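Here the sequence shown is numbered in our numbering, starting from 38 and rising by one per residue.
From the three backbone atoms N, C-alpha and C, an ideal C-beta is built for every residue, glycine too.
Bear in mind the structure is a predicted one, so any value in this text is a computation, not a measurement.
Notes follow the structure.
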Amino acid sequence: MLYEPWDPRVRNKSGRPFRVFTPFWRHCLTLTPPEAPCEGPRPGDLPATAGNGWPASASLADLALLPHVDWARRFSRVWQPGEAGASAALQRFTESRLLSYTERRDFPGDAGTSRLSPHLHFGEISPRQVWHAVRVAAQERGIASESWTRWQFVTELGWREFSHHLLCHFPHTAVEPLVEDFRRFPWMPVPPGALPNVAADVSDPQSPAHLRECDRMAPAKSQAAAASPGDEARRRYLAWTRGRTGYPMVDAGMRELWATGWMHNRVRMITASFLVKHLLLPWQAGAQWFWDTLVDADLAQNTLGWQWSAGCGADAAPYFRIFNPITQGEKFDPGAAYIRRWVPELKALSDKHIHHPWDVAPDLLRHAGITLGTTYPHPIVDHAAARKAALDAFATLRGEREGGADAED
Numbered sequence: 038m039l040y041e042p043w044d045p046r047v048r049n050k051s052g053r054p055f056r057v058f059t060p061f062w063r064h065c066l067t068l069t070p071p072e073a074p075c076e077g078p079r080p081g082d083l084p085a086t087a088g089n090g091w092p093a094s095a096s097l098a099d100l101a102l103l104p105h106v107d108w109a110r111r112f113s114r115v116w117q118p119g120e121a122g123a124s125a126a127l128q129r130f131t132e133s134r135l136l137s138y139t140e141r142r143d144f145p146g147d148a149g150t151s152r153l154s155p156h157l158h159f160g161e162i163s164p165r166q167v168w169h170a171v172r173v174a175a176q177e178r179g180i181a182s183e184s185w186t187r188w189q190f191v192t193e194l195g196w197r198e199f200s201h202h203l204l205c206h207f208p209h210t211a212v213e214p215l216v217e218d219f220r221r222f223p224w225m226p227v228p229p230g231a232l233p234n235v236a237a238d239v240s241d242p243q244s245p246a247h248l249r250e251c252d253r254m255a256p257a258k259s260q261a262a263a264a265s266p267g268d269e270a271r272r273r274y275l276a277w278t279r280g281r282t283g284y285p286m287v288d289a290g291m292r293e294l295w296a297t298g299w300m301h302n303r304v305r306m307i308t309a310s311f312l313v314k315h316l317l318l319p320w321q322a323g324a325q326w327f328w329d330t331l332v333d334a335d336l337a338q339n340t341l342g343w344q345w346s347a348g349c350g351a352d353a354a355p356y357f358r359i360f361n362p363i364t365q366g367e368k369f370d371p372g373a374a375y376i377r378r379w380v381p382e383l384k385a386l387s388d389k390h391i392h393h394p395w396d397v398a399p400d401l402l403r404h405a406g407i408t409l410g411t412t413y414p415h416p417i418v419d420h421a422a423a424r425k426a427a428l429d430a431f432a433t434l435r436g437e438r439e440g441g442a443d444a445e446d
């Protein structure tokens with residue numbers, strides 16, 4: 038941490054913990070800057086190993102820690118774990134992407150972010166190391182501290198700090214909304230055990246068998262709806278977790294998550310908003326899936342992100358802000374490089390059509406080798422109808438609609 042949650046200096050004017058990010062971070066920037074990290078011990082400074090090597094203990098095999106899914110095989114192609122990998126990632130970022138971060142950070146098809154979050158999560162690099170690496174990079178370019186401390190990337194470090202302060206002072210938010218009214222929100226009923234989890238999933242989401250199961254649980258629009266609320270919740274959740282919602286930007290994000298253990302932050306917001314506001318499934322279910330699948334799964338940041346998306350946390354997006362997964366894709370993946378990478382069955386469609394394949398003329402779909410409901414699913418919900426259902430649910434919670442209820446991103 039840059040500033041520990043129990044630091045008495047990090048309080049609002051009333052002496053209470055902050056619940057809004059901007060005043061929190063503005064206040065932190067008035068405090069003494071974080072100290073530079075200490076150098077690690079050199080090998081010669083360490084005591085000799087006592088005895089004759091490693092003491093007798095259980096083997097890794099004895100502990101039965103291996104997961105059902107071989108995560109290491111696929112992740113080893115994406116990540117370089119350890120301090121050396123973290124230092125290399127930080128150096129690459131400060132040398133080539135730091136100055137363009139603000140302009141490039143929202144485009145998932147562009148390598149514009151630092152990808153340091155897994156290394157920060159596992160302690161392979163500290164936020165103080167990142168802070169001072171940015172400081173040095175700025176000084177080398179003649180940039181004053183009053184400028185670089187307000188860079189968007191540094192602000193993202195502030196969001197990390199804010200999330201940990203919130204969880205420390207409001208620990209119940211890991212499972213309950215900070216805004217208590219949301220405990221009465223009319224989510225879709227989810228009976229105990231209705232939703233699958235990673236531990237029970239031994240399949241690869243890109244395998245034909247896996248996709249057939251998703252299509253079975255997410256039938257075409259002309260087929261009958263699921264028999265019970267529990268079945269419908271499972272159908273929706275399964276399609277979301279497997280990247281088979283029929284919305285290309287959402288599906289690309291969920292497939293990237295499964296394949297790499299990571300998802301671009303813009304796409305995290307899109308996929309989270311889709312689960313809670315299009316599918317009306319509780320944010321805790323999405324937070325649990327992210328917790329199980331993200332290599333940077335941080336309880337504080339995961340909680341803050343999901344409550345922000347649901348509108349029930351500190352500094353959260355207003356309840357009527359509903360991301361449109363179509364226009365979000367058009368805006369932040371205009372060349373569809375991200376979608377084509379993770380949803381290759383749509384790659385033959387033009388940039389104009391790929392974000393909404395259900396609107397494409399049948400002859401163009403045939404030419405692209407696409408059969409909706411077979412090679413790619415129909416949309417699991419209609420955007421306009423789902424948006425109205427979400428606004429109605431929020432209006433029910435609050436007793437009346439609030440001004441601005443037509444906002445859409």
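- Leaving aside the five residues that flank D396 on each side, the residues in its chain whose CB is nearer than 8 angstroms to its CB run, in chain order, H390.
- Collapsing the DSSP output to three states places L66 in coil.
- Runs of the alpha helix (DSSP H) lying entirely within the segment 391-417 and spanning at least 4 residues, in chain order: 399-404.
- Burial is judged here by how many other beta carbons sit within 10 angstroms of a residue's own beta carbon; W43 has fewer than 16 and is exposed.
- Of the candidates G267, F311, G298, R271, F311 places its Cα closest to the Cα of M286.
- Under the three-state reduction of DSSP output, I359 falls in the strand class.
- Taking R220 as the centre and dropping the five residues before and after it, the same chain places the C-beta of E213, P214 closer than 8 angstroms to its C-beta, in chain order.
- Considered as a whole, the segment 144-186 harbours 154-158, 164-177, 182-185 as its complete alpha helix (DSSP H) runs of no fewer than 4 residues, in chain order.
- Shown here, E41 sits in coil according to DSSP, grouped into three states, outside any helix or strand.
- Taking the C-beta atoms as reference points, Q344 is found nearer than 8 angstroms to T210.
- Classified as exposed, E72 has fewer than 16 neighbouring CB atoms from the shown chains inside 10 Å of its CB.
- Between Y356 and E198, the C-beta gap is not smaller than 8 angstroms, which leaves the two residues out of contact.
- DSSP links E445 through a beta bridge to I359.
- At a Cβ-Cβ threshold of 8 angstroms, G146 and A374 count as neighbours.
- A direct Cα-Cα distance of roughly 16 angstroms separates A337 from V216.
- Nearest to P414 by alpha-carbon distance, out of A423, R424, L383, D329, is L383.
- Secondary structure at Y284: coil, using DSSP grouped into helix, strand and coil.
- By the Cβ criterion, the segment 297-307 is in contact with the segment 320-332, since at least three pairs of Cβ atoms, one from each stretch, lie closer than 8 angstroms.
- For L97, the number of other beta carbons within 10 angstroms of its own is below 16, and it is reported as exposed.
- Taken through DSSP and simplified to helix, strand or coil, C205 comes out as helix.
- Here M306 really is in contact with S346; their C-beta atoms are around 6 angstroms apart, less than 8 angstroms.
- Under a 10 Å Cβ-count criterion, V57 is classified as exposed, with fewer than 16 other Cβ atoms of the shown protein chains found around its own Cβ.
- The beta carbons of G119 and E161 sit about 6 angstroms from each other, so the pair counts as a contact at 8 angstroms.
- Assignment of Q117 by DSSP, reduced to helix, strand and coil, places it in the coil class.
- In this structure W62 touches T192 by the C-beta definition: roughly 7 angstroms separates them, less than 8 angstroms.
- Rounded to the nearest angstrom, the Cβ distance from S200 to L341 is 4 angstroms, consistent with a contact under 8 angstroms.
- By the neighbour-count criterion, in which a residue is buried when 16 or more other Cβ atoms sit within 10 angstroms of its Cβ, D370 is buried.
- A direct Cα-Cα distance of roughly 12 angstroms separates W196 from P60.
- Judged by DSSP secondary structure, W188 falls outside any alpha helix (DSSP H); it is assigned neither H nor E.
- Of the candidates T131, H420, P381, the residue whose Cα lies closest to the Cα of I407 is P381.
- Nearest neighbour of T433 by Cα position, chosen from E177, R48, R141, P223, turns out to be P223.
- Taking C-beta atoms under 8 angstroms as the contact rule, P164 and L194 qualify, at a distance of about 6 angstroms.
- Assignment of R305 by DSSP, reduced to helix, strand and coil, places it in the helix class.
- Under the DSSP assignment, K425 falls in the alpha helix (DSSP H) whose first and last residues are 420-435.
- When the alpha-carbon of E132 is set against those of D107, R424, V167, the nearest one is in V167.
- With contacts defined by Cβ atoms closer than 8 angstroms, E293 and I359 do not form a contacting pair.
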